[in-house]
Structure formats: C-alpha cells, structure tokens
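Report on the structure given below.
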Amino acid sequence: MTEWIRPPSLDEALAARREHPDFMLLAGGTDLMVGAIARPAPVGVIDLFGLPELSGVSRDPAGGLRLGAGTTFAALLTDDAVRTELPALWAAAREVGALQIQARATLGGNIGTSSPVGDSLPVLLALDAEVEVASSRGTRRLAYDEFCTGYRTHALGGDELIVAVHFPADIGRRVQAWRKVGTRRAQSISKVMFAASVERGADGTVTLARLAFGAVREQPIRALAGEQCLAGETPDAALAEAVAAAVLTDIAPIDDVRSTADYRRTVAGRLARRFVLSLA
Amino acid sequence: MTESNGSQRSVGDSPPRVDGTGKVTGAALYVDDLPVPGAWHGRTVRSTVPHGILRAIRLDADFDWSQVVVVTAEDIPGRNLITLIVDDQPALVPLGGTIRHVEEAVAVVVAPTRAAALEASRHVTLEVDALPSIHDLDAALAAAVRLHGDDNVQKRLEIHRDDADIDAVLAACDHVVEGVYTTGAQEQMYIETQGMVARWEDGRCHVVGSLQCPYYVHTALKPLLALGDDEVIVGQAVTGGGFGGKEEYPSMLAAHAALASLKTGRPVKLIYDRGEDIAVTTKRHPARVRHRLGLRADGTLVAADVDVLIDGGAYVTLSPVVLSRAILHATGPYRIPHVRVVGRSMATNTPPHGAFRGFGAPQTTFAYERQMAKAAVRVGMDPIAFRRHNLLRDGDTTATGQVLSGSVGSDAVVDALEQALEAEPPTPATRFGTLSAPVRRGRGLAVCFHGAGFTGSGEARLMGRATVAALPTGGFEVRSSSTDIGQGALTIFTQIAAQALGVDPVHVHIAQASTDRVPDSGPTVASRTCMVVGRVVEQAATALRERLETWGRSASSAAPAASTASTASAPPTAPTPAPGTAAGAGAHDVLALARRHLDQVGEVAETRTYEPPAGVAWDDDTYTGSAYPVFGWAACLVDLAVDEDSLEVTVERCLHAIDVGRAIHPRIVKGQIEGGTLQALGWALWESVPYADGRVANPSMTDCIIPTSSDAPELETILVEVPYAYGPHGAKGVGEIPMDGPAAAVASALEQALGVACDELPLLPEVLQRLVAQGGAASIGASS
Ligand SMILES: Cc1cc2nc3c(=O)[nH]c(=O)nc-3n(C[C@H](O)[C@H](O)[C@H](O)COP(=O)(O)OP(=O)(O)OC[C@H]3O[C@@H](n4cnc5c(N)ncnc54)[C@H](O)[C@@H]3O)c2cc1C
Chain A
15 MTEWIRPPSL
25 DEALAARREH
35 PDFMLLAGGT
45 DLMVGAIARP
55 APVGVIDLFG
65 LPELSGVSRD
75 PAGGLRLGAG
85 TTFAALLTDD
95 AVRTELPALW
105 AAAREVGALQ
115 IQARATLGGN
125 IGTSSPVGDS
135 LPVLLALDAE
145 VEVASSRGTR
155 RLAYDEFCTG
165 YRTHALGGDE
175 LIVAVHFPAD
185 IGRRVQAWRK
195 VGTRRAQSIS
205 KVMFAASVER
215 GADGTVTLAR
225 LAFGAVREQP
235 IRALAGEQCL
245 AGETPDAALA
255 EAVAAAVLTD
265 IAPIDDVRST
275 ADYRRTVAGR
285 LARRFVLSLA
Chain B
122 MTESNGSQRS
132 VGDSPPRVDG
142 TGKVTGAALY
152 VDDLPVPGAW
162 HGRTVRSTVP
172 HGILRAIRLD
182 ADFDWSQVVV
192 VTAEDIPGRN
202 LITLIVDDQP
212 ALVPLGGTIR
222 HVEEAVAVVV
232 APTRAAALEA
242 SRHVTLEVDA
252 LPSIHDLDAA
262 LAAAVRLHGD
272 DNVQKRLEIH
282 RDDADIDAVL
292 AACDHVVEGV
302 YTTGAQEQMY
312 IETQGMVARW
322 EDGRCHVVGS
332 LQCPYYVHTA
342 LKPLLALGDD
352 EVIVGQAVTG
362 GGFGGKEEYP
372 SMLAAHAALA
382 SLKTGRPVKL
392 IYDRGEDIAV
402 TTKRHPARVR
412 HRLGLRADGT
422 LVAADVDVLI
432 DGGAYVTLSP
442 VVLSRAILHA
452 TGPYRIPHVR
462 VVGRSMATNT
472 PPHGAFRGFG
482 APQTTFAYER
492 QMAKAAVRVG
502 MDPIAFRRHN
512 LLRDGDTTAT
522 GQVLSGSVGS
532 DAVVDALEQA
542 LEAEPPTPAT
552 RFGTLSAPVR
562 RGRGLAVCFH
572 GAGFTGSGEA
582 RLMGRATVAA
592 LPTGGFEVRS
602 SSTDIGQGAL
612 TIFTQIAAQA
622 LGVDPVHVHI
632 AQASTDRVPD
642 SGPTVASRTC
652 MVVGRVVEQA
662 ATALRERLET
672 WGRSASSAAP
682 AASTASTASA
692 PPTAPTPAPG
702 TAAGAGAHDV
712 LALARRHLDQ
722 VGEVAETRTY
732 EPPAGVAWDD
742 DTYTGSAYPV
752 FGWAACLVDL
762 AVDEDSLEVT
772 VERCLHAIDV
782 GRAIHPRIVK
792 GQIEGGTLQA
802 LGWALWESVP
812 YADGRVANPS
822 MTDCIIPTSS
832 DAPELETILV
842 EVPYAYGPHG
852 AKGVGEIPMD
862 GPAAAVASAL
872 EQALGVACDE
882 LPLLPEVLQR
892 LVAQGGAASI
902 GASS
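Chains as they are written, first to last, in this note's numbering: chain A, 15 to 294; chain B, 122 to 905.
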C-alpha cells in the first residue's frame with residue numbers, strides 16, 4: 015500500500031521530504047493523475063494540497079508579490095493584486111484547462127512539471143520571476159530561467175520543495191502581454207504561447223524588453239535576439255518586422271501531433287510582431 | 122394533427138427525459154458499473170504491424186501465468202468471423218492467418234483484476250512475418266499491395282440518371298465547375314468508452330454492453346459460438362453515446378468477452394480505456410470526391426459527374442452501405458437532369474472505418490455544397506438565390522429517379538433561414554489573452570437533404586417489429602430493440618405510446634433492449650428510430666388500445682377465447698388516427714380495461730411490423746427508384762472570423778433550419794440538432810485523426826481534439842415542420858442531417874475570408890496557414 019502523508023505545516027512537510035525523498039509530491043494532482051493508472055503506484059505520497067504556508071498571495075519585504083506555490087489558478091484569478099500587477103499571469107491562469115482544472119491546478123505544480131507547454135512558465139520568464147525553494151537546510155531563490163533546466167527538468171534538490179514565486183516590486187509598471195494559441199479555446203494544450211513585458215522611457219523608447227515563448231523549444235525560453243532587437247528602440251512597424259524576424263532565430267519548434275513546426279514558427283513571429291505593433 | 126385532450130397531451134411537449142434523473146444522479150448503471158460478482162477482466166492483445174502473417178504468440182516465460190487465461194482463435198467453438206456484410210473479418214487472427222491492420226485482435230488475456238490483465242498483456246509478444254502495407258487511397262488505387270481482389274475495391278456502386286454521355290453533356294455546358302474534396306477521419310468520442318460483459322449460464326451465453334444494436338451482436342455471436350437463436354442473449358446497458366461508433370464494433374467486444382467467459386468459466390468484463398478505444402474502434406471514412414458540375418449561364422444546373430472514393434480500411438465491415446449513402450447524396454437536393462456517380466470503397470491496412478452519424482453523406486455533402494458555392498460565384502448569383510433556382514421540390518425527380526411526394530421542406534428551410542437571419546445575432550464570445558489581432562470575416566451557406574431510414578430496400582428487408590403489452594403490474598410496456606444511446610429514444614417512445622394508448626406517460630415503461638425480451642426492430646441507426654420504429658410503436662399501441670376497447674365494449678362479461686397476443690403487418694394508412702378520440706375511451710378506461718383484461722383473460726400484447734409506404738420501391742441492380750422513404754431538409758449559415766496571427770477560427774454565428782417533419786419532443790430534437798451541428802463544426806475545424814503507418818497518431822482526449830462549449834457559438838436552431846404522412850405524428854429522421862451541411866458552410870466562409878480555396882477537411886489553422894502560404898491572401902501575416 016502506498017503511504018500517504020498530509021503534513022499540517024511547512025516544517026513537517028520539509029521533514030517528510032527529507033525522510034522520504036522517494037515519495038511523490040502531490041499538489042492538485044492535475045498533472046500527476048493523468049496516466050497514473052498506467053504507471054506503477056508510488057511508494058508514498060506527500061500531499062501538499064491546501065497547506066496554508068504554501069497558499070496565497072502576499073508581499074515580500076522588498077515590496078514584490080509573492081505567490082505561494084500551492085496557490086491554485088482559481089485563487090490567482092480572484093486576487094486583485096495579481097490582476098492589476100501581473101495581468102499577463104492573470105490572463106494565462108484564465109486559460110489553464112477550464113474551471114474544474116483551475117480549481118485544483120497550482121502554480122507550483124505547473125513549475126514542478128516543467129513542461130514546455132506549461133502555460134504560466136513563459137510568463138515567469140517575461141516577468142523576471144524567482145522561484146523560492148526550501149529544505150530543512152534552508153531557503154534559496156533562483157531566477158526562473160536558472161530553475162528550469164530542460165525538457166521537464168528543473169533544479170529542485172531531492173530534499174527541497176517549491177515554496178513560492180516572487181516578482182519584482184515594480185512589475186506593475188511594465189506593459190505586459192499574454193497570448194496562448196492552443197488546440198482550442200479551453201482544455202487545450204498550447205501550440206505556441208507568448209508572454210512579454212517592457213518598460214519604456216519618457217521618450218517612448220523601450221528601456222527593458224522581455225519576450226518569452228512556450229511550446230516552441232524543449233523548454234520555455236526567452237527570445238534573447240528578439241529582446242536585443244527591441245531594447246533601446248522606439249516601436250514602429252519596421253521594428254515590429256525586425257523583432258519578428260529576430261525571434262525566429264531564438265526558437266526551434268518541432269512537428270508533432272498537435273501542430274507543425276512551420277505553423278509554430280510563423281505564429282511565434284506574428285505574435286512578437288503584434289506585440290511590438292501594440293506598443294507603437 | 123389532432124391532439125388528445127388536456128393531461129394526456131405529450132407529443133409536441135418537452136417533458137423531462139425518462140432517463141434523465143438516473144443519469145444526473147449517477148443511479149444509471151453503465152456497463153462498467155454493473156455489479157458482476159466473480160467477474161474476471163479481459164485485455165485484448167493486438168498486432169503492432171499493419172500487415173503480416175501471424176507465426177506465433179509467445180508468452181514471456183518469466184511471467185507468472187498461473188492466474189491468467191489466454192484466449193486465442195483456437196478457442197472459438199464456431200466460425201472465426203465477425204458476421205456482418207462480407208465474411209472477411211476474424212474475431213481473432215489465427216496462427217498462420219493474415220494480420221491486416223495495426224491493433225488487430227490476436228488474443229485476449231483474462232485475469233482476476235483489470236490491472237493484472239493489462240500487465241499480462243504486456244508479456245505477450247507476437248511473431249509476425251511483416252508484409253508491405255498501404256495506408257491511403259492513392260496507395261490502394263495503385264494496388265501494388267493487394268488486400269481485396271485485384272484492385273482493392275471492396276465495393277463499387279454507380280448511379281446513372283440517364284443514358285446520356287456525361288462528358289459530352291458537360292462539354293456542351295456554359296460553365297463547368299470542377300473540384301476535388303478530401304475529408305478526414307473523425308472519431309465519435311462518445312463519452313462512455315466501449316465495454317461488454319459476458320457470462321454463460323445453462324449453456325447459454327449472456328452478453329450486456331454499451332451498444333446500439335443488440336441484434337447485430339446476436340447475429341455475430343451465433344455462428345462464432347455455434348449457438349442457436351435462443352442460446353445467445355444480448356442486452357444493452359445504459360449507453361453513454363454512440364454516434365455510429367457502437368453500431369458494428371460492439372460485436373468484436375462481445376465476441377472476445379464471450380470467448381473469454383467460455384474459457385474461464387466465469388463472467389468476463391471487457392472495458393476499453395480511452396486510448397484503446399480511439400486507437401482501435403471505427404472512425405468516419407476518410408474520403409475524396411471529385412465533382413464536376415455543368416450549368417447554363419442563367420445558373421440552371423444541367424449535369425453532375427461525381428467520383429467518390431472512401432477508405433474502407435482493412436475489412437469490408439459496413440463500407441458498402443456507407444458508400445451507398447455517400448453516392449445517393451452526391452448530387453444534393455437539386456434538380457440535375459444528367460447525373461453519373463461512381464463510388465468505390467477501397468481497402469487499406471488501416472483499422473476499418475465505420476458508421477458515424479451521417480454515414481457517408483457528410484463527405485459528399487461537403488463536396489456538392491462547395492461546388493454549389495463556387496457555381497453561384499461563377500454565374501454571379503447570390504448563393505441563396507442560386508440554390509432556390511435549382512432546389513428539388515415536391516414532384517421533382519432525384520438522381521435515382523425517385524419522384525418526391527410529400528414532406529419536401531426544401532423551400533421551407535431556406536425561408537426559415539432567411540427569416541431568422543433578420544433577427545439580432547447573439548453576441549459572440551470574446552477571446553482571452555491581452556494581445557488581439559485583426560480578424561477576417563466570412564459567411565458560408567449550405568443547403569442539403571438527408572434520406573431518413575435505411576437505404577433502398579433496407580427497411581423492407583428489415584421488417585422492424587415492436588410490441589406494446591399490458592403489464593401484470595399495471596401500465597404498459599413498449600418492447601423494441603431500438604436503444605437509447607443518449608438521443609432520447611426512451612422518452613420519445615414513451616410519448617408516442619402514451620398518446621396512442623390514451624394514457625398518461627407515467628403508465629408507459631420501455632423494456633430493456635435485450636434479445637430475449639424484445640423483438641428485432643432493426644438497428645438503432647440511419648435516423649430511423651423515431652420515424653420507423655416510433656411509427657410501429659404507435660401502431661402497436663393503437664392496436665392494443667383498440668383491442669382493449671373492443672373487448673371492453675363487446676364482452677364485459679364474456680371473455681374472448683382467442684389468443685392473447687397478436688401480430689400483424691399493419692399496412693400504413695396515413696394519417697395516424699388520433700388516439701383517445703374513440704367515443705368514451707378515456708385514459709382511465711384503457712388502464713382499467715387492461716387491468717380487467719389481465720384479471721379475467723390474461724396478458725395482452727400487440728406486435729406490429731414495419732411496412733414501407735406504397736410506392737417506395739428500389740432496384741438494387743440498376744440503383745434506381747426510391748432511395749429513401751422520405752428526406753429531411755436543412756439550410757445552414759455560418760458567420761466566422763479568422764484571427765490574422767494564428768488563423769484560429771471563431772464561429773460567430775451558426776443558424777441551422779431543419780425540416781424534421783414533426784418534433785415529437787422539441788427540446789430533444791433541438792438537442793440533437795445542436796449536438797450534430799457542433800460535431801459537424803468540429804469535423805470542419807478541429808477534429809483530426811492523423812495516421813502514421815496505419816496507426817492512429819493521437820489516441821487520447823488530450824490530443825484528439827473535439828470542440829468544447831467554449832468553442833461553440835450560440836447555435837441558432839430553427840425547427841421546420843413539414844409533416845411526413847407515414848411517420849408518427851408526421852415525424853421523420855433528424856439524428857444525422859445536422860452533421861451534413863455545416864462543414865461546407867464553414868469552408869465557404871473561410872474561402873471568402875481568406876481568398877483561398879478551402880476544399881479539404883479539417884481546416885485546422887495549420888492547414889489554413891499552408892493554404893494561405895501557397896497563394897491567395899498575400900496580406901495575411903503582413904503588417905497591418
Ligand atoms: C484537463 C487538463 C487540462 C490542463 N490544461 C492545462 C493548461 O491549459 N495549461 C497548463 O499549463 N497546464 C494544464 N494542465 C496541466 C496541469 O493542470 C498544470 O500543469 C498544473 O499547474 C499542475 O498543478 P498541480 O497542482 O495539479 O500539480 P500536480 O499534478 O500535483 O504536480 C505536478 C508536478 O509538480 C510537482 N509539485 C507540485 N507541487 C510541488 C511543490 N510545492 N514542490 C515541488 N514539486 C511540486 C509534483 O511532484 C509533480 O511532479 C492541464 C491538466 C489537465 C488534466
């Protein structure tokens with residue numbers, strides 16, 4: 015029989031994690047339950063769903079938003095600070111699965127799965143998010159692009175838990191964008207996701223640019239060539255074309271059962287262009 | 122039509138579904154919910170190559186087989202066949218036999234739990250000498266690999282309206298519109314996967330499952346098990362959707378479950394998981410239709426020359442009948458004096474394609490309505506005016522020489538559509554996300570017809586029967602093999618019987634569709650359940666009421682000595698007599714009479730057999746005559762918007778006016794139309810079943826996309842009622858027709874929006890991107 019631990023506090027969760035590194039960490043289960051019947055049962059489960067210290071939105075001492083890893087997308091959607099300061103994340107949350115999934119699916123689970131089609135993940139890149147992880151040894155924070163290490167892999171240690179995600183204090187000042195192109199409107203796996211944010215100077219030039227994509231490489235990525243092309247410039251139609259062309263060098267989409275490389279590449283370029291046009 | 126008075130009125134109302142509460146509360150028992158004490162579980166072992174000779178079935182020597190039974194072709198007591206139209210498909214491929222598609226069943230492993238059966242199945246390996254294989258129509262036509270005869274043609278059918286040389290006629294036309302239209306496979310995606318339970322008792326085999334046609338399974342099991350009529354009993358469990366997918370395929374599950382139960386001596390449950398269900402069961406036939414249409418400069422249609430190819434897959438199964446319906450619909454609801462249609466069903470090394478709502482007609486409807494859209498543009502006519510100019514009307518003659526008489530709603534549906542168009546459109550849903558692109562808009566139209574009931578001589582051959590009986594427990598029971606698969610048959614039969622008996626619907630019960638309890642009413646297919654079997658139910662119920670009333674009048678004391686059950690073929694005499702109008706025969710009287718009859722004489726039942734209306738004659742050899750007893754008619758209009766960045770399509774408006782004869786239960790009828798329309802929009806825009814070397818490449822609900830409610834527009838459904846004299850209360854088939862038209866309307870709208878020919882389905886954004894890149898709307902994707 016599978017052993018089931020439901021720790022009442024973070025300390026106890028970390029202790030359980032240290033003691034049972036081979037146990038499955040379960041949050042909402044919306045990734046883990048898919049196909050579970052075809053896999054061997056785990057030796058044990060550490061059930062984190064609803065753990066108070068992992069849930070909810072707060073502000074860290076630096077003034078940035080801190081989203082608990084166990085916060086569901088449904089909870090994010092009802093949070094005013096998330097809606098106003100992180101509109102790109104709010105929009106992404108709105109499109110995860112459908113209402114039933116949003117009620118269970120957590121931000122930490124999305125990060126834990128680290129799939130190239132995790133909808134929140136390009137947003138974390140575009141908004142310079144940091145992942146807070148903890149073990150009974152202590153706590154550390156990693157920028158999301160350090161945390162995610164490849165196709166469904168990440169830098170979480172065997173005794174660690176994902177605890178929260180942090181955003182810069184002034185994130186609300188950035189212009190943000192989100193667009194998911196999926197297989198349909200709901201319950202849909204993304205073919206291309208695009209998340210972006212910029213800061214602009216008084217003269218309208220782009221002083222900071224973040225362009226991120228999902229589903230176009232083995233992991234969510236920042237389109238660095240595209241960002242370089244955009245930063246320091248004043249958006250106009252010509253710049254939009256240039257950025258669109260630049261992002262194509264950042265991505266390496268594939269053909270699979272959900273879409274084609276050609277479509278993903280074409281749409282990725284158009285979304286970047288649309289974003290720059292929206293700034294013009 | 123006259124209604125019976127007050128409380129008994131039911132036909133034309135929308136009372137709560139009789140199966141609704143059970144389904145909503147979870148009380149309804151689907152096959153996997155049935156308690157089957159002592160049951161073991163089966164898992165099918167399947168081929169992994171598309172073509173080859175089976176040399177050996179090897180069991181992993183390191184695996185513990187003590188709790189597993191392996192069933193192979195050697196365990197079949199009778200003929201190793203799934204009996205259908207042609208005797209070509211084995212239940213299990215025998216050693217030395219030919220494997221003709223991936224996922225073909227070779228063995229069934231049976232174990233005490235489902236997990237154990239699954240695990241055991243992973244320890245069976247097949248030794249196969251692989252053969253070259255073919256997977257599409259072109260390869261089948263090339264016939265470098267021969268799967269069926271010399272040319273891979275499973276069935277060829279032709280329609281010739283006249284003796285004219287069609288090429289010469291076309292050459293003389295002012296305009297010839299020509300196109301090639303390809304459509305893809307489609308998965309039924311019923312919500313309940315297929316499942317079956319079998320057990321043996323007293324030498325008889327009992328099977329219960331998720332199925333549409335108990336007597337198809339009965340017919341298939343008898344020769345397989347070498348049993349007689351009464352030794353095989355097939356019943357339907359509550360069934361979660363079929364759409365044709367549970368028409369012929371359940372015979373396969375039943376065969377496997379029955380053999381497994383025979384060998385283990387225990388009941389056996391065989392329940393497919395979703396991946397298996399999508400990978401192995403039948404889909405809509407992929408098709409390619411070449412269509413040439415000749416017309417005069419004034420827009421009058423002169424000639425049609427149509428070549429229809431469907432991919433039948435590895436065995437013949439139902440493909441000849443699908444092909445038949447495909448070609449019979451190939452020229453649409455239009456007056457065309459010169460017609461040639463040639464249809465071929467081709468063999469490939471793909472799991473057999475099969476029944477799916479529409480049954481061949483959606484494929485050819487897509488072709489001819491795309492043609493009509495192009496033809497209207499060619500002659501410079503408004504699309505609606507062009508259709509009206511050519512529509513078949515009462516008294517006109519179809520391609521097979523059928524003279525339409527009665528219930529021809531062609532103008533009525535177009536009128537209704539035009540009228541509805543004037544209403545305020547519903548507000549389209551807005552897109553999510555924070556970036557929005559401009560859209561391109563387009564409008565498309567489709568007008569079509571759909572033959573209701575079995576094709577050609579089918580209904581005459583079937584002789585569908587139904588019984589209505591007075592129950593010892595009070596009330597009445599309707600016995601038919603027509604199944605409720607979610608479409609509302611139970612409710613509609615209840616309404617029809619109650620009204621004919623002149624009793625409140627609560628006094629009518631529908632018997633479980635089990636072959637030991639109900640007569641063969643024919644299969645639950647072809648938009649025939651309400652129109653054909655409903656009619657027979659009405660006749661049986663009317664006969665029973667009349668018999669009770671006669672008995673009550675003539676012999677309140679002296680009981681009649683005659684037999685208590687009677688059967689008759691009621692020659693159809695339209696219109697249906699209004700029930701309860703016989704003098705003095707109120708509801709209470711019929712119920713009380715039945716009770717008295719049971720007390721004094723015994724049980725009483727009436728059985729009736731369907732007879733096609735006079736004048737419905739069909740010649741299978743020349744393919745001429747009345748292809749169908751009657752047609753449904755439909756007009757569909759689609760407004761859509763295409764996102765310029767992603768080429769995602771939003772259907773902003775979809776109007777569908779359908780002539781249903783008479784809506785027995787308007788809410789259920791609208792539900793059928795909405796569901797069918799969305800299924801058709803899905804086929805057009807989202808649903809794709811790609812095959813890789815004959816294997817379904819997306820066997821999961823995650824990847825085998827069907828539209829969700831978020832993708833659906835607010836469907837505007839308009840019921841048009843042009844009564845059919847030989848249907849119950851004027852009703853005619855409605856189940857399939859909503860599937861036919863919308864895809865062509867979508868394609869025409871996309872063509873208008875993007876300026877590229879949209880002649881293939883599905884029109885996924887990836888396909889639109891390819892079409893746009895190949896030419897046409899050069900500005901799509903450019904700065905705007
Ligand atoms: C029908 C359906 C639709 C879906 N649609 C979408 C969609 O549109 N977009 C999308 O991005 N995803 C979608 N998903 C996937 C899934 O809902 C998300 O990835 C979700 O965020 C996972 O969260 P969870 O809490 O359910 O994770 P779980 O399934 O509980 O866990 C996922 C992984 O994260 C790990 N994990 C969870 N919490 C922690 C923690 N605190 N510390 C360390 N590791 C942890 C788990 O061990 C596991 O490996 C869908 C899933 C389903 C079933």
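The beta carbon of each residue, even a glycine, is placed where N, CA and C say it ideally should be.
For leucine 262 (chain A), there is no enclosing beta strand (DSSP E); the residue is part of the alpha helix (DSSP H) that begins and ends at 251 to 262. For arginine 774 (chain B), the enclosing beta strand (DSSP E) has its first and last residue at 770 to 780.
Inter-segment contact for the stretch 242 to 252 of chain B and the stretch 398 to 406 of chain B is absent: fewer than three beta-carbon pairs are separated by less than 8 Å.
The alpha-carbon of phenylalanine 614 (chain B) is positioned some 35 Å away from that of glycine 396 (chain B).
The C-beta separation of threonine 555 (chain B) from alanine 102 (chain A) comes to about 7 Å, placing the pair in contact by the 8 Å criterion. Of all residues in the stretch 94 to 112 of chain A, those with a C-beta nearer than 8 Å to a C-beta of chain B are Pro101, Ala102, Ala105, Arg108, Glu109 and Ala112, reading in chain order. Aspartate 432 (chain B) is positioned such that its CB atom lies closer than 8 Å to that of histidine 406 (chain B). Inter-residue distance for valine 227 (chain B) and valine 170 (chain B) is about 12 Å (C-alpha atoms, whole angstroms).
Bounds of any beta strand (DSSP E) do not take in alanine 541 (chain B); it lies within the alpha helix (DSSP H) bounded by 531 to 542. The Cβ of serine 211 (chain A) sits no closer than 8 Å to any Cβ of chain B. By the neighbour-count definition (other C-beta atoms within 10 Å, threshold 16), glycine 324 (chain B) is an exposed residue.
In the displayed model, serine 466 (chain B) falls within a strand according to three-state DSSP. At least one beta carbon of chain A lies nearer than 8 Å to the beta carbon of serine 767 (chain B). In the displayed model, glycine 152 (chain A) falls within a strand according to three-state DSSP.
Contiguous beta strand (DSSP E) elements confined to the stretch 393 to 428 of chain B occur at 408 to 416, taking only those with 3 or more residues.
At a threshold of 7 Å, glutamate 240 (chain B) does not count as near ligand 1, since its beta carbon sits no closer than that to any of the ligand's heavy atoms. Taking 8 Å as the upper bound for CB-CB distance, alanine 239 (chain A) and valine 261 (chain A) are in contact here, some 7 Å apart. In chain order, Thr86 and Ala88 place their CB closer than 7 Å to the CB of alanine 117 (chain A), counting only its own chain and leaving out the 5 sequence neighbours on each side. Sorting B:Val145, B:Ile174, B:Ile203 and B:Pro546 by C-alpha distance to the C-alpha of proline 344 (chain B) places B:Ile203 at the top.
For glutamine 233 (chain A), the shortest C-beta to heavy atom distance toward ligand 1 is 7 Å or greater.
Residues of the stretch 810 to 821 of chain B with a C-beta atom less than 8 Å from some C-beta of chain A are Pro811, Ala818 and Asn819, listed in chain order. Within the same chain, Cβ atoms closer than 7 Å to the Cβ of valine 207 (chain B) are found at Val437, the five residues on either side in sequence being excluded. Collapsing the DSSP output to three states places cysteine 162 (chain A) in a strand. Across the structure, alanine 237 (chain A) and cysteine 243 (chain A) are spaced so that their CA atoms are roughly 10 Å apart. With a cutoff of 8 Å on beta-carbon distance, cysteine 757 (chain B) and glycine 862 (chain B) are scored as near each other. Looking at the DSSP output, methionine 317 (chain B) bridges to B:Gly330 and B:Leu391.
Any Cβ of chain B closer than 8 Å to the Cβ of glutamine 190 (chain A) would place that residue at the interface, and such an atom is present. Counting the other CB atoms within 10 Å of its CB gives glutamate 224 (chain B) a total of 16 or more, which places it among the buried residues. Counting along the chain, the unbroken beta strand (DSSP E) around cysteine 569 (chain B) starts and ends at 560 to 573. Leaving aside the five residues that flank valine 770 (chain B) on each side, the residues in its chain whose CB is nearer than 6 Å to its CB run, in chain order, Leu761, Val763 and Leu806.
Here the stretch 710 to 723 of chain B makes no contact with the stretch 633 to 645 of chain B; the two share fewer than three CB pairs at distances below 8 Å. Across the stretch 828 to 853 of chain B, CB contacts with chain A closer than 7 Å involve Pro828, Thr829, Ser831 and Asp832, in sequence order along the chain. At a cut-off of 3 residues, the continuous stretches assigned as beta strand (DSSP E) that sit fully inside the stretch 128 to 172 of chain B are 161 to 167. Within chain B, the C-beta atoms nearer than 7 Å to that of threonine 197 (chain A) come from Ile826, in chain order. Against chain B, a Cβ distance below 7 Å from valine 271 (chain A) picks out Pro811, Ala818, Asn819 and Asp824.
Taken in chain order, the complete beta strand (DSSP E) segments of 3 or more residues contained in the stretch 324 to 382 of chain B are 325 to 330 and 353 to 357.
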